[in-house]
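Chain order of the listed sequences is Y and X. Oh and the first sequence: position 79 is 79 in our numbering, straight run, nothing missing. Add 1000 to the 1-based position in the second sequence for our numbering, that's all there is to it. Even glycine gets a Cβ: it sits at the ideal position worked out from N, Cα and C. A quick write-up on the structure given underneath.
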Amino acid sequence: MWPLGRWRPGVAFFISSFLISISATGIIFIFLIVESFPIFQHEGLGFLSGSEWYPGEVYGALPMIYGTGIVTFIAVSFALPLALGSAVITSEVLSRPTRLVIKMMMELLAGIPGVVYGLLGITLLTTAVKNTFNLIDGNSFFTAGILLSIMILPTVMTLSEDALRSVPKEYRDQALALGLNRSETIFHAVLPGAIKGIAGAVLLGIGRAMGETISVMLVIGSLDRIPQPFYNIFTTGQTITSKLGREGAEALGVGYHWNALAGLGLILFLAVMGITFIGNSIVGPLSGRGINTKRKQKKR
Amino acid sequence: MRRDLKEVIFFSACIITTVTAISLLFIILSAILVRGLPAINLEFLTTESKEFGQNGGILYQTMGTFILIGMAGILAFPIALGSAVYQTEYLSLSLRGTADLLVYALNAVPTIIFGLFGYMFFGVFLKLGVSWLTGSFILAIMVLPTVLVSIKEAIESIPFKYLEAGLALGLTQERLVRAVIIPQSIHGMVTGLLLGLARAAGETAAIMFTATTFSGVLLPASFREPVTSLQTHILILAQEAINPRALTNAWGAALVLVALIMLMSLGSMLIRATITHEAER
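Take a look at the structure:
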């Protein structure tokens, strides 16, 4: 039936789509290395440690690296307690229908685009931050961190809840039978079994927070500097993504400025990939986590 | 007594965080509704924007978003399907974990990097320039893992009996794929595609300097022309936050975009909730 014997068009199509799917990340990685190579030649390691960035003269990535780090840290510090607390209540206390409604809401909220969060941030959050902390400018690391914490809340909460639910019911029954009360059961029987999944959820949340561009770009103020003192998070700053978003269009493909942006992209790529990889490995056998809502799967 | 106290403290803390989380989410939804609804009327939805978005509607922005995500879906779907079938039916077991990891890695790539890469690859190398096709290619790569994983999960949940029945009839692997695996995983394709389109519709960073322009274009007449989109429209208007009219229109556009995305995710949830295999009933 097929002129080429075993080499069938159907299989060829499957193989080629498979190759596209698995090689895309690698191609992007190589692209970033090639495009950023000139800046590492030009600036050396000073690219990573320099804190001055003037297109055409000097490129130092430190303020952006600092910004991404601190904003992500703020986002996780606020999102984690909220996500964990609500995951415990949702998984251990609420009835099944209520739980499903909450999870559905979370899934819907995870779909709200970054640009809409940015609009919320620029109209509501910046003013609120400005008035609460008596600032001249509501755009700051803190504002961006809070906005990101709201954005990653559904992801971290849903995945932590999945982790709590995956602990067998027998563990809870045994703990209760031993006379532990409900909070002790959660601490000593449920959490130890779910801790890996929760860690994975947090790491995937960190990965999302680091890579988010638009909403951060709108509320961070876009000034390349490390605040003085360095823990002063109520000043305007810059993250890697907001830098790429602001200057990407003007520098596309041209000169050291472009190479420097590609270098920033490479740093971000490596950080996010590392964190996501660890996250996916501890969450265990991969199955839709962090992409679609997890479904029960049958072993085949 | 101390144990009871701990119990009370723990649960109160949990309840406070839950209430905070849920009210945050309600605040967000109601803010979008309250600010967006006044902007929306038939004229807003069906006319083009004027005076850089301060007046007029969002007709061409909405169409631009549809063009971008529609083409992205058309491009991503066959690749996702082919790859899902290969990964579940042909790939040797020992390599499946690695393949999964690579697909998940693609899902984690920050979207702004897709924008940088996509512009250089499709825009410059393939000479498509700043155009809607460049944007669709970028979005297609971006949503590929979402669609792929959904189809893969659907294939993996096909009851083994079905495959046994097929094999007992003497079907070759390729016939089995065509007669059993693809027809039985259609729900996964639909949900995956809906989720993928929803994700693409919400994406701004990857297309803002690769596929769209702010104003002055209506519908593209060729592959190499940019479009306007709801996402970038909101972005530009948001940056003029001091102008109340621009802001009202931004909220209107945001509500339309959020409604569009939520409809697609709700659709996928409904399909996922109702599907059961005949053999499991």
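Would you be able to state if there are at least three C-beta pairs under 8 Å between the segment 1205-1222 of chain X and the segment 1230-1249 of chain X? Short answer: they touch.
Taking 8 Å as the CB-CB limit, is D246/Y close to chain X? According to the sequence shown, residue 246/Y is Arg rather than Asp. For R246/Y, the closest Cβ of chain X is not nearer than 8 Å.
In chain order, what residues of the same chain have a beta carbon less than 6 Å from the beta carbon of R1199/X, not counting five sequence neighbours either side? Cβ within range, chain order: V1143, T1146.
Residues that P1078/X contacts on chain Y, provided the C-beta gap is smaller than 9 Å: Within chain Y, F13, S17 have C-beta atoms less than 9 Å from the C-beta of P1078/X, given in sequence order.
Residues in the segment 183-207 of chain Y with C-beta within 9 Å of chain X's C-beta atoms, listed in sequence order? Identification of residues in the segment 183-207 of chain Y having a C-beta nearer than 9 Å to some C-beta of chain X yields S183, E184, I186, F187, L204, G207, given in sequence order.
Please confirm whether A1154/X and G1202/X have their CB atoms less than 8 Å apart. Not in contact: A1154/X and G1202/X (Cβ atoms no closer than 8 Å).
Would you say T236/Y and N131/Y are within 8 Å of each other, going by their C-beta atoms? The Cβ-Cβ distance between T236/Y and N131/Y does not fall below 8 Å.
Rounded straight-line distance, which links the Cα of T158/Y to that of F88/Y: Checking the sequence shown, residue 88/Y turns out to be Val, not Phe. Looking at the backbone, the Cα of V88/Y and that of T158/Y are separated by about 11 Å.
T362/Y bridges to which residues according to DSSP? Nothing can be reported for residue 362/Y: it is not among the residues displayed for chain Y, which extend from 1 to 300.
With a cut-off of 8 Å, does the C-beta of A1039/X fall near any C-beta of chain Y? It does not; no Cβ of chain Y falls within 8 Å.
Could you tell me which uninterrupted alpha helix (DSSP H) segments, each at least 4 residues in length, are contained entirely in the segment 1171-1248 of chain X, listed from first to last along the chain? The alpha helix (DSSP H) runs lying completely inside the segment 1171-1248 of chain X and spanning 4 residues or more are 1173-1176, 1186-1201, 1230-1239, given in chain order.
If we ignore side chains and look at the alpha-carbon of each, how far apart do I1069/X and A1084/X end up? If you draw a straight line from the Cα of I1069/X to the Cα of A1084/X, it is about 21 Å long.
Inside the segment 219-256 of chain Y only - alpha helix (DSSP H) runs reaching at least 4 residues: Complete alpha helix (DSSP H) runs here, min 4: 240-251.
Using C-beta distances below 8 Å, list every residue in its chain close to T68/Y, excluding the 5 sequence neighbours before and after it, in chain order. Within the same chain, T68/Y has close Cβ partners M210, T239, I240, T241, L268, A271.
What's the call for L231/Y, buried or exposed, on a 16-neighbour Cβ count within 10 Å? Per the sequence shown, the amino acid found at residue 231/Y is Tyr instead of Leu. It is exposed - the Cβ of Y231/Y has fewer than 16 other Cβ atoms within 10 Å.
Residue closest to G1082/X, alpha-carbon to alpha-carbon, out of I22/Y, E161/Y, L264/Y: Looking at the Cα atoms, I22/Y is the closest of the given residues.
Tell me, please, whether the CB atom of S21/Y is closer than 8 Å to any CB atom in chain X? Yes - at least one Cβ of chain X is within 8 Å of the one on S21/Y.
From what residue to what residue does the alpha helix (DSSP H) around T132/Y run? That run of the alpha helix (DSSP H) goes 126-132.
Answer with buried or exposed for K1161/X, where buried requires no fewer than 16 other C-beta atoms within 10 angstroms of its C-beta. K1161/X is exposed by the Cβ-count criterion.
Counting only C-beta atoms, is N181/Y closer than 8 Å to chain X at any point? Against chain X, the CB of N181/Y has a partner CB under 8 Å away; the residue lies at that interface.
For a contact meaning CB atoms closer than 7 Å, what does M104/Y contact in chain X? Residues of chain X whose Cβ lies closer than 7 Å to the Cβ of M104/Y are, in chain order, M1269.
Taking only beta-carbon atoms, is F1223/X less than 8 Å away from chain Y? Under the Cβ distance rule, F1223/X does not count among the residues neighbouring chain Y, no pair being separated by less than 8 Å.
Give the straight-line distance between the Cα atoms of I278/Y and A1039/X, rounded to the nearest whole angstrom. Rounded to whole angstroms, the gap between the alpha carbons of I278/Y and A1039/X is 45 Å.
Evaluate the contact criterion for the segment 1036-1055 of chain X versus the segment 120-135 of chain Y: three or more CB pairs, one atom per stretch, below 8 Å. Taking a contact to require three or more Cβ pairs closer than 8 Å, the segment 1036-1055 of chain X and the segment 120-135 of chain Y do not qualify as touching.
Nearest to F141/Y (by Cα), restricted to the options S222/Y, L108/Y, A110/Y: Ranking S222/Y, L108/Y, A110/Y by Cα distance to F141/Y puts S222/Y first.
Buried or exposed: where does F1122/X fall if 16 or more other Cβ atoms within 10 Å of its Cβ makes it buried? With 16 or more Cβ atoms within 10 Å of its Cβ, F1122/X is classed as buried.
Since K103/Y is in the alpha helix (DSSP H), which residue starts that stretch and which ends it? Note, K103/Y: alpha helix (DSSP H), 96-110.
Am I right that F1010/X and G1252/X are in contact with their C-beta atoms under 8 Å? What's the rounded C-beta distance? Not quite, the Cβ-Cβ distance comes to about 44 Å (not below 8 Å), so this is no contact.
Going by CA-CA distance only, name the one from L1260/X, L1042/X, N1107/X, L1266/X that's closest to T1282/X. In the structure as shown, chain X starts at 1001 and stops at 1281, and residue 1282/X therefore has no counterpart that could be examined.
For K1000/X, return the contacting residues in chain Y, with the cut-off set at a CB-CB distance below 7 Å. Limits of chain X in this structure are 1001 at one end and 1281 at the other, which puts residue 1000/X out of reach.
Ignore the nearest five residues each way along the sequence and tell me which others in E247/Y's own chain have a CB closer than 7 Å to its CB. Around E247/Y: L261.
Hey, does N1109/X have any beta-carbon neighbour from chain Y nearer than 8 Å? Sequence inspection shows Val at residue 1109/X; the Asn mentioned does not correspond to that position. Chain Y contact via Cβ: present.
Counting only the same chain and skipping the five closest in sequence on each side, list residues whose C-beta sits under 6 Å from that of I65/Y. So no residue of the chain qualifies.
On the three-pair Cβ rule with 8 Å, is the segment 195-202 of chain Y touching the segment 103-116 of chain Y? Too few Cβ pairs lie closer than 8 Å, so no.
Give the DSSP-derived three-state secondary structure of N1107/X in the structure shown. DSSP places N1107/X in helix when its eight states are reduced to three.
D173/Y - containing alpha helix (DSSP H), residue span: Boundaries of the alpha helix (DSSP H) harbouring D173/Y: 169-177, taken from the DSSP string.
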